[in-house]
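If you count the sequence shown from 1, position 99 lands on 98 in numbering that gives the first Met the number 0, and the numbers rise without skipping.
We put the beta carbon where it would ideally sit given N, CA and C, even for glycine.
Since we're looking at a predicted model, the values are computed, not measured.
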Amino acid sequence: MKAVKLKEDALPKNLKLFRKKKNWSQTELAKNAGTTLTHINRLETGKSNPSIEIVQKIALALEVSIDDLVSERDNSKEVKFENQAFFEKIKLLDTFSEEERNAVNVVIDSILTKKKMLNLLKEHGG
């Protein structure tokens, strides 16, 4: 098997990022990609270079392209949050069903509407 040539530490970072987006443990990823926990751990820590076959299996399991896994990501466009706990919850929205995301959206819209109304009342002496 031919090893994939990686750009620095792109695969370890991206592998962990996409695994967490699916809210999977390393064990779950290993099972879904048809490999071992040890292999996934070594890939995420940069201690092992994968074969193209395992990269394909991992990409398929994570529902991302091979390019997504092995390319450097432009993190400058990522939203920055001061509250890390809140940010972690936001990242989990990708794992929600459409119905669950819609429910979250309704709650957020309600809070924003309330905030706008309170601001209008303050502005107009209420």
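Under the 8 angstroms Cβ criterion, the stretch 38-48 counts as touching the stretch 19-30, having at least three qualifying pairs. Contact between the stretch 42-52 and the stretch 8-22 is present: 3 or more CB-CB pairs across the two stretches fall below 8 angstroms. Ranking Lys21, Asn22 and Leu59 by CA distance to the CA of Thr34 puts Leu59 first. Following the DSSP letters along the chain, one finds Pro49 in no alpha helix (DSSP H), marked with neither H nor E.
Each residue's CA atom was taken as its position, placing Val63 and Glu98 some 23 angstroms apart.
The stretch 44-55 makes no contact with the stretch 17-25, as fewer than three CB pairs between them are under 8 angstroms. Annotation: Lys90 to Leu119 spans about 32 angstroms, alpha carbon to alpha carbon.
Asn31 sits in a helix when the DSSP states are folded into three classes. The DSSP-derived three-state label of Val63 is coil. For Ser109, the secondary structure class from DSSP, reduced to helix, strand or coil, is helix.
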